[in-house]
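Trainee: First residue of the sequence shown: 473, per our numbering; consecutive thereafter. Using N, Cα and C, we set each Cβ at its ideal position, and we do this for glycine too. Treat the numbers as computed from the prediction; the structure is a model and nothing was measured. Sharing a structure below in structure tokens format, with a few things to ask.
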Amino acid sequence: MSRRVRLIEPPPPATKGVADTRQLANLGLVSAASPRLLSLLLARLGGLLTDDVEATRLLACTGLALLFGGIYSGGSEEAVGSVGEPTPDQRYVPGAFLRSPAWFLPLLDTDGVEEVDIEGYGDKMPGLTTPLPGSLGDKVYKFYPCLLKALDDASDEVRLRAADVFVTWFWVMAPNLTERPPPVAKTTAAATAAAAPPPTEDSKSRCINPVFSSVFEDLCSSIVVHLDDSDGLIRAAVARIVLRMAQLSPATVQKVLSSARERHRSPELCEALLETLNWTCI
Numbered sequence: 473m474s475r476r477v478r479l480i481e482p483p484p485p486a487t488k489g490v491a492d493t494r495q496l497a498n499l500g501l502v503s504a505a506s507p508r509l510l511s512l513l514l515a516r517l518g519g520l521l522t523d524d525v526e527a528t529r530l531l532a533c534t535g536l537a538l539l540f541g542g543i544y545s546g547g548s549e550e551a552v553g554s555v556g557e558p559t560p561d562q563r564y565v566p567g568a569f570l571r572s573p574a575w576f577l578p579l580l581d582t583d584g585v586e587e588v589d590i591e592g593y594g595d596k597m598p599g600l601t602t603p604l605p606g607s608l609g610d611k612v613y614k615f616y617p618c619l620l621k622a623l624d625d626a627s628d629e630v631r632l633r634a635a636d637v638f639v640t641w642f643w644v645m646a647p648n649l650t651e652r653p654p655p656v657a658k659t660t661a662a663a664t665a666a667a668a669p670p671p672t673e674d675s676k677s678r679c680i681n682p683v684f685s686s687v688f689e690d691l692c693s694s695i696v697v698h699l700d701d702s703d704g705l706i707r708a709a710v711a712r713i714v715l716r717m718a719q720l721s722p723a724t725v726q727k728v729l730s731s732a733r734e735r736h737r738s739p740e741l742c743e744a745l746l747e748t749l750n751w752t753c754i
């Protein structure tokens, strides 16, 4: 996850008398907002990324990191059924929102109590692994061109924060980009009560869904270009994105890095990343 917004790793040891609760940041409340509101917020922040004022673009990056982090870390256990061991508070389960109807189903244009098309698609929920067109998940997936443009911003500080947002975006989209994403819980009472089977060794080795393979490779190629940036901080920030992408598809990242090092002015970082991936895959 982003170094500026840590949602998964426990906080560092507290200092100066501040108690360390060893708990996740409470950003799960973000996903408690309505899907339509989250969609409008995403569009608004995307517009602010191209504002003429640098401070506004920086604020947009911070907002996007919080938005994506909240979507990933939050979710109602009741929305998707019991999945694995419940949390002590019996409420928020990290990643649960990404398996809920609010993430997968299209947003309704009409105002009403229901904001997603449960009536038209609810029976298909157990088989869904990719958000349907018009859904909040689809809108978040199609947001990556805005992040690519932010990586080319005139301000290096904006580029650094955009790299942080990209890492968080991959945390959100990873379950939908992989070939074996976490299953969507069935809506029946019996399925809700049933415990999820333990993960097997085969399920732990994921690869990119063939539907997204070409998009993922093109996205990786566009990001790897910045590994040859003249600013060392930019290169380090982009390297973290590449390492996150390698967790989804090591073969694709290795292929792109092997091709890129022949064109970069300084191939040392590409070679270092390749060595890291080779060591990790052993």
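For Thr-522, count neighbouring Cβ atoms within 10 angstroms of its own Cβ and tell me buried if that reaches 16, exposed if not.
Mentor: The residue in question, Thr-522, is exposed, as its Cβ has fewer than 16 Cβ neighbours within 10 Å.
Trainee: Measure the alpha-carbon distance for Asn-681 versus Ser-694 and round it to whole angstroms.
Mentor: About 19 Å.
Trainee: Relative to the alpha-carbon of Ala-527, which residue among Val-630, Thr-602, Leu-510 has its alpha-carbon at the smallest distance?
Mentor: The candidate whose alpha carbon is nearest that of Ala-527 is Val-630.
Trainee: Measuring CB to CB, does Val-637 end up less than 8 Å from Ala-537?
Mentor: It is a contact, given that the beta carbons lie within the stated cut-off.
Trainee: Please state whether DSSP places Thr-528 in a helix, a strand or coil.
Mentor: In this structure, Thr-528 counts as helix in the three-state DSSP scheme.
Trainee: Please report the straight-line C-alpha distance between Val-728 and Leu-530, rounded to a whole angstrom.
Mentor: Using only the alpha carbons, I get a separation of about 29 Å.
Trainee: What residues in its chain sit with their C-beta under 6 Å from that of Leu-517, if we drop five residues either side in the sequence?
Mentor: Closer than 6 Å at Cβ, skipping near neighbours: Ala-532, Gly-535, Leu-536.
Trainee: Grab me the residues of Ala-732's own chain with a C-beta within less than 6 Å of its C-beta, minus the 5 sequence neighbours each way, in chain order.
Mentor: So the qualifying residues of the chain are Val-696, Cys-742.
Trainee: With DSSP run on the structure shown, which of helix, strand or coil describes Ser-506?
Mentor: In the structure shown, Ser-506 sits in coil (DSSP, three-state: anything other than H, G, I, E or B).
Trainee: Can you check DSSP and say which residues form a bridge with Ile-784?
Mentor: Absent from the structure is residue 784, since the part of the chain shown begins at 473 and ends at 754.
Trainee: The alpha helix (DSSP H) spanning Lys-727 covers which residue range?
Mentor: From DSSP, the alpha helix (DSSP H) with Lys-727 extends over 722-732.
Trainee: Thinking Leu-649 and Leu-720 are a contact (beta carbons under 8 Å), I'd like their distance in whole angstroms, please.
Mentor: With a Cβ gap of about 6 Å, Leu-649 and Leu-720 count as contacting.
Trainee: Check whether the Cβ atoms of Ala-744 and Ala-635 lie closer than 8 Å to each other.
Mentor: Against a cut-off of 8 Å, the Cβ pair of Ala-635 and Ala-744 comes out as no contact.
Trainee: When DSSP builds the beta bridges, which residues end up paired with Ser-607?
Mentor: The partner list for Ser-607 (beta bridge, DSSP) reads Pro-578.
Trainee: What number of angstroms, rounded off, separates the C-alpha of Lys-676 from the C-alpha of Leu-520?
Mentor: Residue placement at Lys-676 is flagged as unreliable, the pLDDT there being 41, under the threshold of 50; a coordinate-derived value is accordingly withheld.
Trainee: Taking all protein chains shown into account, do 16 or more other C-beta atoms lie within 10 angstroms of the C-beta of Ala-723, making it buried, or fewer, making it exposed?
Mentor: That one is exposed.
Trainee: Taking the alpha-carbon of Leu-510 as reference, which of Arg-707, Val-525, Gly-567, Ser-607 has the nearest alpha-carbon?
Mentor: Answer by Cα proximity: Ser-607.
Trainee: Measure the beta-carbon distance from Val-639 to Ile-713 and round it to whole angstroms, keeping in mind my assumption that it falls under 8 Å.
Mentor: At roughly 6 Å, the Cβ-Cβ gap stays under 8 Å, so Val-639 and Ile-713 are in contact.
Trainee: With the cut-off set at 8 Å, would you say Pro-647 and Pro-605 are in Cβ contact?
Mentor: In this structure, Pro-605 does not lie closer than 8 Å to Pro-647 by Cβ.
Trainee: Could you check where the alpha helix (DSSP H) with Leu-620 kicks off and where it finishes?
Mentor: Segment 616-622, the alpha helix (DSSP H) holding Leu-620.
Trainee: Nearest CA to the CA of Phe-684: which residue from Gly-541, Leu-580, Lys-614?
Mentor: Among Gly-541, Leu-580, Lys-614, the Cα nearest to that of Phe-684 is on Lys-614.
Trainee: Quick one: Cα of Trp-641 to Cα of Tyr-616, how far?
Mentor: When rounded, the distance between both Cα atoms is 8 Å.
Trainee: Taking just the CA atoms, how far does Cys-692 sit from Asp-625?
Mentor: Distance between the alpha carbons of Asp-625 and Cys-692 is about 18 Å.
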